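Chemist:
Protein chains in written order, with this note's numbering: chain A, 44 to 427; chain X, 7 to 398.
Quick look at the structure:
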């Protein structure tokens, strides 16, 4: 009993001296609580109120993608910090340091593999999330900005994966990054942005330093910022209902229902990451040799559709025009909520939109295939 | 005025090139031109006169007769004092006169090679110059000008086409494709100015210039005596002469049969050497594959790589040692190599087994993870039950 009193005393002691409420509300802004804290009440009461507040059930699978993103990002930051303890961003030392981390430090391999799989999962989850936004019409008014934030998060995670690849300096990632840079080089606007931030299309000391800086500081902060905008948007507008579900679900209190569900999800995601890290570890390649391209190198998988698109058409259509087409398609996707302004959200009323979406997905799949099988795309272009 | 300009322009050179403009282009490129050896040095005459009859008077030799070329060149190239500054030997003429080429020339045969056939005439370049026909990589082609010539082949009954054979050999591949200038061309075995085919008993000595260890081992073997007795040219009896192929362990199956029947003790002894070598090579190869696999994980393999190198060195050493035909000596090396290969494999398999612990650990991990999840779920249900009980 005495101990309890002491802990109570500590919180009130702290509350008198620092703005504990503000500190707590910053943390809770990133999805810990569904509703806002009432700042007029003392912290304990406010938390109690929030905990008891009823929330729509999160347990429906399409609606947990956002929270998975947050959890994965949390794992990425955690493992990233641990990797940064030993990593040195230098053209001569990077490879050796990565080797040291994976080979010679305790559980270094584990941290590295979790970071690798975490980044891939993050991109996959964000792609599925954007697809679900489209499928359920979540981008319709008043959630237009949620769509844009979703796209921004996806783009940021792809950039992070690309920059992270440059840092490894092994044979596979080095040449894969060069392939990716070749794509970026051909896309107008994007190439200016790339040149401004990374300073050139080669991979040298300057590239490594800049890539490292953006990878560990600016981009995670930006990611966090968009995550916050996303969560605060959801808090403001509420979770979107699935359009064709007429029966309204029973609301559940945040604590213990929702809180423990989140905890279980955190454990399961960690379990999946660990399983992939142990069963399917990414191999460790030889150091990069800038004068020798190993055969069969492809850009990062997230660039494959664009790579395939270029491989298929670059002999027939100038690369500049192909680049413009890419930019155009990206702009159409980004500003979709302002193009498709009808408020209908049900499947039957959006047949054209769904049809275009499916065609787009098929094309993405097809271009990815052509990206992987370059010889097929080359033989097709040779026909023309 | 014009004549004055023309004269002053050529004053530093010579007037010969004024008329012989076709030669001028070739000559200006030559090493002789760069070292200041002018036309008069070989052809005589007066280089300071622009009058044809005057220029062609004083000791003028005109076009040098083919049979006189070696002795003409030797006037400078056999003079040690003149050759010393250029670090060139002065015994080439003597060597040439004693070579089959020189001897035949002295007998009046004009088909044989003289200096200009290999070094060219006016555009003589240093033999270090890749453009020179005497440059190491160009020698096979230069020799083939005569030795693959259909007319000469028929006239002198050359037994084969050495150029064609050489081009298929390991020596040619090493020299021309890999750029290994230590690999021999024609002159490497036959000599340059004293070019002659090695005598029957001398083949091992010639091959031994480069393969010195192999020769040492061969001299210890029973083959040496028997080949000498039978009058076969040692090394080339198994490895052939111009068409020398890459020495391969499978030669034991083919070459040995030329003299030994396949059930003879000698043939079986050869097979034993082959088996010993192959077993070691297999172990070394397996170790190499495992090291590559370990590197990708990555496991520290620097030490294994160094040991693999050691094992490989024993294996490389075992190849010339095979020429001794001594089972004991070959076994000593192959056993060392094999045991290194096996050791590396054993240790790496041990490390891979340690990695398997990770996978086994995954089962325990999931067990405890699911246990935690179930406990959390139960606790959640307990809290809900308690809450709803209180509410009631």
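Beta carbons: idealized from backbone N, C-alpha and C, even for Gly. Here the structure is a predicted model, which means the values were calculated and not measured.
For residue 88/A and residue 378/X, what's the separation of their Cα atoms in angstroms?
Modeler: Going from the Cα of residue 88/A to the Cα of residue 378/X covers about 30 Å.
Chemist: Would a C-beta distance cut-off of 8 Å place residue 413/A and residue 354/A closer than the cut-off?
Modeler: Yes, Cβ-Cβ distance for residue 413/A and residue 354/A is below 8 Å.
Chemist: For residue 317/A, go through chain X and note every residue whose CB falls closer than 9 Å to its CB, in chain order.
Modeler: Under the 9 Å cutoff, chain X gives 368, 371, 372, 375.
Chemist: Tell me which same chain residues have a C-beta within less than 6 Å of the C-beta of residue 425/X, skipping the five on either side of it?
Modeler: Since the first residue of chain X shown is 7 and the last is 398, residue 425/X is not available in this structure.
Chemist: Listed in chain order, which residues of the region 146-171 of chain A have Cβ atoms closer than 9 Å to some Cβ of chain X?
Modeler: Cβ contacts with chain X come from 146, 147, 152, 153.
Chemist: Check this for me: beta carbons of residue 16/A and residue 337/A, under 8 Å apart or not?
Modeler: Outside the displayed span of chain A (44 to 427) sits residue 16/A, for which this structure offers no information.
Chemist: Nearest by alpha-carbon distance to residue 328/X: which of 116/X, 226/X, 369/X is it?
Modeler: Closest by alpha carbon: 226/X.
Chemist: Could you check whether the region 121-132 of chain A touches the region 278-286 of chain A, counting it as contact only if at least three pairs of C-beta atoms, one from each stretch, sit closer than 8 Å?
Modeler: The region 121-132 of chain A, when compared against the region 278-286 of chain A, does not touch it at the 8 Å Cβ threshold.
Chemist: Can you tell me whether residue 186/X is buried or exposed, with buried defined as 16 or more other CB within 10 angstroms of its CB?
Modeler: Looking at its Cβ environment, which holds fewer than 16 other Cβ atoms inside 10 Å, residue 186/X is exposed.
Chemist: Is it the case that the CB of residue 324/A approaches a heavy atom of the ligand ADP more closely than 7 Å?
Modeler: With respect to small molecules bound, the structure shown includes none, and the ligand ADP cannot be examined in it.
Chemist: Using a Cβ-Cβ cut-off of 8 Å (strictly less than) and excluding sequence neighbours within five positions of residue 53/X, which residues of its own chain qualify?
Modeler: So the list reads 20, 21, 22, 44, 45, 46, 61, once near-sequence residues are dropped.
Chemist: Provide the residue(s) that pair with residue 296/A in DSSP beta bridges, ordered along the chain.
Modeler: Answer is 97/A.
Chemist: Just checking: is the beta-carbon of residue 379/X within a distance shorter than 8 Å of some beta-carbon in chain A?
Modeler: Yes - at least one Cβ of chain A is within 8 Å of the one on residue 379/X.
Chemist: Residues in the same chain with beta-carbon distance under 6 Å from residue 330/A, minus the five sequence neighbours each way, listed in chain order, please.
Modeler: For residue 330/A, where only same-chain residues beyond five positions count, the Cβ hits under 6 Å are 138.
Chemist: Between the region 243-258 of chain A and the region 196-213 of chain A, are three or more C-beta pairs nearer than 8 Å?
Modeler: As far as the Cβ criterion goes, the region 243-258 of chain A touches the region 196-213 of chain A, which means the pair count is three or higher.
Chemist: Starting from residue 275/X, trace the alpha helix (DSSP H) both ways and give me its first and last residue.
Modeler: Segment 271-301, the alpha helix (DSSP H) holding residue 275/X.
Chemist: Does the beta-carbon of residue 282/X have 16 or more other beta-carbons within 10 angstroms, so that it is buried, or is it exposed?
Modeler: So residue 282/X counts as buried.
Chemist: Between the alpha carbons of residue 156/X and residue 103/X, how many angstroms are there, rounded?
Modeler: In a straight line, the C-alpha of residue 156/X is about 26 Å away from that of residue 103/X.
Chemist: Taking residue 183/A as the reference, which of 426/A, 66/A, 380/A has the closest Cα?
Modeler: Of the candidates 426/A, 66/A, 380/A, the one whose C-alpha sits nearest the C-alpha of residue 183/A is 380/A.
Chemist: Leaving out the 5 sequence neighbours to the left and right, which residues in its chain are closer than 6 Å to residue 201/X when beta-carbon positions are compared?
Modeler: So the list reads 105, once near-sequence residues are dropped.
Chemist: Cutting at 7 Å between CB atoms, please list the residues of its own chain near residue 72/X, excluding the five before and the five after it.
Modeler: Closer than 7 Å at Cβ, skipping near neighbours: 116, 120.
Chemist: Quick check: residue 312/A and residue 108/A, are their CB atoms within less than 8 Å of each other?
Modeler: Going by C-beta atoms, residue 312/A is not nearer than 8 Å to residue 108/A.
Chemist: At the level of alpha carbons, what is the spacing between residue 146/X and residue 170/X?
Modeler: Cα to Cα, the separation comes out at about 10 Å.
Chemist: Give me the Cα-Cα distance between residue 151/X and residue 238/A, rounded to the nearest whole angstrom.
Modeler: Residue 151/X and residue 238/A: Cα-Cα distance of roughly 59 Å.
Chemist: Let me know the secondary structure DSSP gives residue 213/A once reduced to three states.
Modeler: Correct three-state label for residue 213/A: strand.
Chemist: Compute the distance between the beta-carbons of residue 223/A and residue 342/A, then report whether it is under 8 Å.
Modeler: It is a contact, given that the beta carbons lie within the stated cut-off.
Chemist: In chain X, which residues lie with their C-beta within 9 Å of the C-beta of residue 311/A?
Modeler: Those within 9 Å of residue 311/A in chain X are 375, 379.
Chemist: Give a yes or no on whether the minimum CB-CB distance between residue 184/X and chain A is below 8 Å.
Modeler: False, the Cβ-Cβ gap to chain A never drops below 8 Å.
Chemist: Residue 306/X touches chain A at which residues, Cβ-Cβ below 8 Å?
Modeler: Simply 146, 147.
Chemist: Using a Cβ cut-off of 8 Å (strictly closer), state whether residue 221/X contacts chain A.
Modeler: It does not: the Cβ of residue 221/X has no partner Cβ on chain A nearer than 8 Å.
Chemist: Drop a sphere of 10 angstroms on the beta-carbon of residue 387/X, count the other beta-carbons inside from all chains shown, and report buried for 16 or more, exposed for fewer.
Modeler: It counts as exposed.
Chemist: For a minimum of 4 consecutive residues, which ranges assigned as the alpha helix (DSSP H) are wholly contained in the region 218-265 of chain X?
Modeler: For the region 218-265 of chain X, whole alpha helix (DSSP H) runs of length 4 or above, ordered along the chain, are 218-226, 228-236, 240-245, 257-260.
Chemist: Within 10 angstroms of the Cβ of residue 317/X, are there 16 or more other Cβ atoms? Answer buried if so, exposed if not.
Modeler: When all chains shown are included, residue 317/X counts as buried.
Chemist: Work out the CA separation of residue 118/X and residue 69/X for me, nearest whole Å.
Modeler: Their Cα atoms are separated by approximately 19 Å.
Chemist: Please state the DSSP three-state secondary structure of residue 330/A.
Modeler: Correct three-state label for residue 330/A: strand.
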